[in-house]
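What the sequence shown shows, in full-length UniProt numbering, is residues 1 to 464, in sequence order. C-beta atoms are modelled at their ideal positions from N, C-alpha and C, and glycine is treated no differently. Everything numeric in this text was worked out from a predicted model, so none of it was measured.
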Amino acid sequence: MASRGRRFRAHAAYFESYAVTNFADLGFAEVILRALAQEDYVTPTPIQAQAIPPLLQGRDLLGIAQTGTGKTAAFALPILQRLLDERSRPAPNTARVLVLAPTRELAAQIADSFRAYARFARISVGVIVGGVAHGPQIRMLAGGVDVLVATPGRLLDHVASNHLRLDSTRTIVLDEADHMLDLGFVVPIRKIVSRLPKDRQNLFFSATMPKEIASLADDMLRDPVTVRVTPAATTAERVAQRVILVDGTAKRDVLLELFSDPNFSRAIVFTRTKRGADRVAQHLAVNAVGASAIHGNKSQNQRQRALDDFRAGRTRALVATDIAARGIDIDGVSHVVNFELPETAEAYVHRIGRTARAGATGAAVSLCDNSERSLLKQIERVTRQTLPITDRRSAPGAAAEADAARRAPPHEHRRTHQEAGRAARHPGKPGEHGRPPQQQQRRRSGKPGGPRPDHNAPRSRASE
């Protein structure tokens with residue numbers, strides 16, 4: 001495996017010169033082109049134009065891309081074409097292609113995409129995820145499947161019970177690898193990869209490349225082509241962003257005011273915790289704003305119903321945690337609201353990208369209380385933007401205080417941030433507002449500045 005890593009570092013190539021303007025130019029079979037026509041796909045996105053030609057040639061690929069760039073079609077279409085070219089059928093309890101996804105929702109969406117592109121071809125697509133009965137999955141696996149989309153934990157369950165063999169799987173796709181790391185799936189992924197044949201095609205997609213994910217890519221990929229699209233700042237620049245400074249206790253009322261605008265036709269509202277998501281959704285619902293919450297504690301049926309209601313326009317608000325929303329692809333989202341700012345600027349860019357899909361524009365509103373001002377400063381630095389601010393806080397002179405905090409050196413800003421937290425614990429003192437700072441809450445890594453977990457979040461297999 002080590003030699004693969006050396007080849008990866010030495011020979012990764014960048015395919016950025018393909019002048020592809022039409023899917024018909026890529027040599028797909030008629031049955032695939034007909035399906036693309038029904039999906040109204042004409043011109044490939046940048047990642048599709050870069051990734052499809054080398055994938056059709058059987059190359060390994062490292063794709064560094066965010067959601068909303070068209071990456072599912074970038075790997076699904078060449079995989080389907082290669083399956084058609086091989087003209088073989090899967091043996092019982094095997095899968096010709098394995099796609100690993102971090103969450104049930106993303107797995108279901110990837111499978112739906114494969115089915116849509118293969119609607120005129122005799123190619124079977126199956127899904128293996130947790131949270132549903134084993135029986136139908138066992139029966140599906142017994143007949144063999146061309147494309148199997150799975151979450152890692154439930155997949156290993158079926159491998160351990162001998163309902164699935166991986167020795168005939170010739171293509172593996174790892175989607176949203178960095179999110180796999182967040183959920184603790186790297187070790188299960190390595191177990192899965194160790195059971196695959198050495199002679200295989202490897203496709204690896206990640207929005208970021210932290211050290212552990214880069215190491216996993218080194219071990220999996222052999223002389224890969226690398227495609228890189230949509231830097232973080234590019235996504236942020238397509239979204240009209242603004243910030244409302246607000247007392248923490250007033251956030252729900254300000255959120256209701258936002259939804260009084262009829263232009264807020266379909267909005268995703270982000271919270272940090274599952275309990276927070278439930279509270280916000282309930283507050284909206286009792287005030288005549290149709291809303292559903294989606295997070296790891298919801299059953300698969302509850303989450304699917306919430307997504308269906310939101311897509312169909314039966315609800316105006318989908319309240320979600322970051323983990324639950326990763327991989328969800330919903331068109332026509334008018335607004336993203338950060339009810340609470342995320343812990344990292346990268347997560348902020350992921351969030352607001354929900355309303356700027358595939359090159360579209362959108363709007364994002366962030367509700368920021370005193371304890372979150374350092375996070376706001378970090379977001380502005382990474383996105384290279386100074387976000388317009390409206391101050392709705394009750395303290396006199398709050399606007400000047402906020403501006404001074406944003407311009408202060410980092411060590412001064414941390415001191416201001418901590419003072420805001422002390423003020424929240426002693427509300428009797430005049431002019432002090434805010435909640436306890438994030439720095440004083442337990443963090444996952446135990447290191448300053450590390451990400452803070454949702455303590456109610458499901459871990460490993462439970463998050464599937």
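With 16 other Cβ atoms within 10 Å as the buried cut-off, status of residue i
i      : result
Asp85  : exposed
Asn22  : exposed
Glu39  : exposed
Glu212 : exposed
Lys298 : buried
Asp199 : exposed
Pro388 : exposed
Phe185 : buried
Arg317 : The sequence given here places Ala at residue 317; Arg does not occur at that position. Result: buried.
Ser260 : exposed
Pro210 : exposed
Ser206 : buried
Ser161 : exposed
Asp369 : buried
Phe133 : It should be noted that the sequence gives Ala, not Phe, for residue 133. It is exposed - the Cβ of Ala133 has fewer than 16 other Cβ atoms within 10 Å.
Asn338 : buried
Leu245 : buried
Gln57  : exposed
Glu257 : exposed
Asn301 : exposed
Thr315 : buried
Lys251 : buried
Arg425 : Because the pLDDT at Arg425 is just 42, under 50, the model does not fix this residue reliably, and the value given afterwards should be weighed accordingly. Under this definition Arg425 is an exposed residue.
Arg381 : exposed
Val193 : buried
Pro262 : exposed
Extent of the continuous beta strand (DSSP E) to which residue i belongs
i      : result
Thr344 : Neither: Thr344 is in no beta strand (DSSP E) and is coded neither H nor E.
Asn202 : Gln201 to Ser206
Phe270 : Ala267 to Phe270
Thr226 : Val225 to Arg228
Thr171 : Thr171 to Leu174
Arg384 : Looking at the DSSP string, Arg384 is not in any beta strand (DSSP E), and its letter there is neither H nor E.
Ala177 : No beta strand (DSSP E) holds Ala177; the alpha helix (DSSP H) holding it covers Ala177 to Asp182.
Integer Cβ distance of residue i from residue j, believed to fall under 8 Å
i      : j      : result
Ile52  : Ala65  : The Cβ separation is near 13 Å, so there is no contact.
Asp175 : Leu106 : 7 Å
Pro224 : Asp60  : 4 Å
Gly153 : Gly130 : 6 Å
Thr383 : Val349 : 7 Å
Leu367 : Val280 : About 11 Å; that fails the 8 Å criterion.
Ile110 : Thr72  : 6 Å
Ile328 : Gln241 : That pair is no contact at about 20 Å.
When the options are compared against residue i, the one with the closest alpha-carbon
i      : options                           : result
Glu346 : Gln385, Pro262 and Thr208         : Thr208
Val145 : Arg303, Ala49 and Arg165          : Arg165
Thr271 : Ala108, Ile323, Glu257 and Ala150 : Ile323
Pro102 : Val246, Asp182 and Gly276         : Asp182
Asp218 : Val227, Val229, Phe204 and Arg228 : Phe204
Phe114 : Leu77, Arg139, Arg195 and Asn93   : Leu77
Phe264 : Gly143, Ser88, Ala214 and Val365  : Val365
Glu343 : Gly27, Ile189, Ser371 and Gln241  : Ser371
Arg104 : Met140, Tyr117, Arg89 and Thr151  : Thr151
Leu341 : Val31, Phe310, Lys377 and Ala29   : Lys377
Gly143 : Arg373, Gly27, His163 and Ala37   : His163
Val227 : Ala49, Asp178 and Pro188          : Ala49
Contact under 9 Å by Cβ, residue i with residue j
i           : j      : result
residue 466 : Ala24  : Residue numbering for the chain in the displayed model covers 1 to 464; residue 466 lies beyond these limits and cannot be assessed.
Ala74       : Thr43  : no
Ala267      : Val173 : no
Leu100      : Met180 : yes
Arg170      : Val286 : no
Val91       : Ser168 : Here residue 91 is Ala; the residue named in the question, Val, does not match the sequence. Closer than 9 Å, so yes.
Arg119      : Asp247 : no
Ile123      : Leu148 : no
Gly290      : Lys274 : no
Val243      : Thr390 : yes
Ala356      : Arg238 : yes
Ala306      : Ala288 : no
Arg303      : Ile330 : no
Residue i, enclosing alpha helix (DSSP H) - first and last residue
i           : result
Gln241      : That residue, Gln241, is in no alpha helix (DSSP H); its beta strand (DSSP E) goes Val239 to Leu245.
Val333      : Taken as a continuous stretch (DSSP letters only), Val333 belongs to no alpha helix (DSSP H), as it is neither H nor E.
Asp278      : Lys274 to Val286
Leu307      : Gln300 to Arg311
Ala91       : Per DSSP, Ala91 belongs to no alpha helix (DSSP H) and is neither H nor E.
Thr390      : Note, Thr390: premise wrong, no alpha helix (DSSP H); beta strand (DSSP E) at Ile389 to Asp391.
Gly153      : Pro152 to Ala160
Gly135      : His134 to Ala142
residue 465 : Only positions 1 to 464 of the chain appear in the structure, and residue 465 is not among them; the question remains open.
Ala51       : Pro46 to Leu56
Arg34       : Glu30 to Gln38
Cutoff 9 Å: residue i Cβ touching any chain C Cβ
i      : result
Ile110 : Here there is only one protein chain, and chain C is not present.
beta-carbon residue i near the ligand PLP non-hydrogen atom, thresh 8 Å
i      : result
Pro210 : With respect to small molecules bound, the structure shown includes none, and the ligand PLP cannot be examined in it.
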